[in-house]
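Report on the structure given below.
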Amino acid sequence: MSRYRIVIRAFTLRRDAAAAMIFAELLKQQGADVVIASSRDFQRTVRRWNPDAVVINTVGQITRLMKQVPGTAIVLWPGEGAQALESSDAMHLGGSPDEYNRLDLALLWGRKTEEFFHQTLPAADHSKLVVCGNPRLDVAKFNPDLFKSERKTVGFVGRYHSLNRYNAVPAIFSLQYPHKRDGVVWQVENFISMITIIHRIIVETDMNISIRPHPLEAPEGYDFVTEAPFKGRVKIDDSVDLAAWTARQRVIVAPSSQSFYESYVLGIPTINLDPLTGNAELIRRLTPHAAMSQLVSFNPKTYDEVMTLITNIPEAPRTNIEVDLHLDEFHDWYAPESALARATDATMAMLRSRPRPRGWHLPMRILDLWDRLSFRRIQKRDPLHANFNYHRHFHKAPAYLETIINNIEAQRSILGRKNGDNIQ
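Numbering of the sequence shown is given in this note's numbering, commencing with residue 12 and proceeding in unit increments.
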């Protein structure tokens, strides 16, 4: 029998790509051919390759796939799988039961999200719900070398996508509705705080700085750091792996952001900007889960306090019982198994239990050539295209991902999990 064909939609490059690369390799080891697609080639690949399964990050793709590939399994692998009930996939699908029924599998991050589905769809088939864990945290959990990383720079996490959008759309795009004002003003105030601190670090210390833009930001927007006074002191990180960048920072300065999960589990202290700008309460209202970062961060209210923390760096982040419980219930962080291994086992077990789609498909080599030409043409028209859209010949997998995959497989052997056995 020919190998299963699986398409993974890595919707947001610097959020999804690293975990998708590992997921793809684990699926290949269990008898699948895998294409990691972006918005550029996703529809073309689905139509022309006739895959056995399509793995999607957002529920908005379900209806379109229902019509396009009726014989293909649809797997939900959330891009943001630890949301509060009101903004969760469970809430959306609770209002769209036809979409839920069309799903073949939902790879959930945590038990709490599973409870949300029972709450919003009490009479539905819940056997398709499989708790796997947060896939992005596997990149930290199964890379012990991160704990040995040399911590050289002060890291700043960007969250300024309304001001510096990945495709250069102007900020007024984010102000089409008056209720969007607070979110944009918050980003302006936090950016001013960030750049003020950077100027002080340059003047008052000999420390170097690394800025990691938000996945929806354009790294090119920070090109001003190549000029004085930033030149030689500030660098921009646009790599696909947040965990590896986090591990190299002496301390991280950031607004409230769900990127705090990596710094928390890796033991990197964080300074939260929101109390400094007076926006802490606003963020707790707008994004309550991101605001949890305030609980495990240092929360100075003056620039002098910030500089004291940076020059006298705490040894580790603050701990918090509420955050630990959140990591357990929404991310299944404390489970010994790999989230990506569990997702692989569940996906392959589902495929083996259903008929394969009928019809022809283009060979992968043809699709690959097609996409190379498509990517080259789009890049000429839009040089910022690669800020958001993955292409396997442009965005190379970090060499250490192979070590992570080997560690995941070693843990699978220790736990006696093989080829989809013991799926819960």
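Every residue gets a Cβ at the ideal spot worked out from N, C-alpha and C, and that includes glycine.
| said: Suppose you measure from the CA of D193 to the CA of A354; what does that come to, to the nearest Å? | reply: 38 Å
Item checked: Span separating the alpha-carbon of F235 from that of I220 -> 14 Å
Please classify P286 as buried or exposed, where buried requires at least 16 neighbouring CB atoms within 10 angstroms. buried
Check: In angstroms, rounded to a whole number, what distance separates the CA positions of Y15 and R261?
Finding: 44 Å
In the DSSP assignment, find the unbroken beta strand (DSSP E) run with R494 in it and report its ends. Because the chain is modelled from 12 through 435, residue 494 falls outside the range shown and cannot be assessed.
T330 classed as buried or exposed, judged by whether at least 16 other C-beta atoms fall within 10 angstroms: exposed
(request) Would you list the residues sitting across from L140 in a DSSP beta bridge? (result) A117
ask   = What number of angstroms, rounded off, separates the C-alpha of Q435 from the C-alpha of C143?
value = With a pLDDT of only 37 at Q435, under the threshold of 50, the placement of this residue in the model should not be trusted; the figure read from the coordinates follows. Taking the straight line from one Cα to the other gives about 9 Å.
Item checked: Extent of the continuous alpha helix (DSSP H) to which F235 belongs -> Neither: F235 is in no alpha helix (DSSP H) and is coded neither H nor E.
Going by DSSP in three states, L227 sits in which element: helix, strand or coil?
coil
Residues that DSSP places opposite S424 in a beta bridge: DSSP, once it has assigned bridges, lists no residue as partnering S424.
Exercise for review: Let me know the secondary structure DSSP gives N175 once reduced to three states.
Suggested key: coil
Margin query: For D44, report the span of its beta strand (DSSP E) as first-last.
Written below: A43 to A48
>> Residues in the same chain with beta-carbon distance under 8 Å from A135, minus the five sequence neighbours each way, listed in chain order, please.
In response: P108, Y111, N112 and F128
Under the rule that 16 or more other beta-carbon atoms within 10 Å means buried, what is G106, buried or exposed? exposed
Quick one, are the C-beta atoms of V251 and A101 less than 7 Å apart?
no
Q) Can you tell me whether F309 is buried or exposed, with buried defined as 16 or more other CB within 10 angstroms of its CB? A) buried
| If D149 and A350 are in contact, beta carbons under 8 Å, what's the gap, nearest whole angstrom? | 5 Å
### Query
Per the contact definition of three or more C-beta pairs closer than 8 Å, is the segment 56-72 in contact with the segment 323-342?
no
- Span of the alpha helix (DSSP H), counted from its first residue to its last, around R25: L24 to Q40
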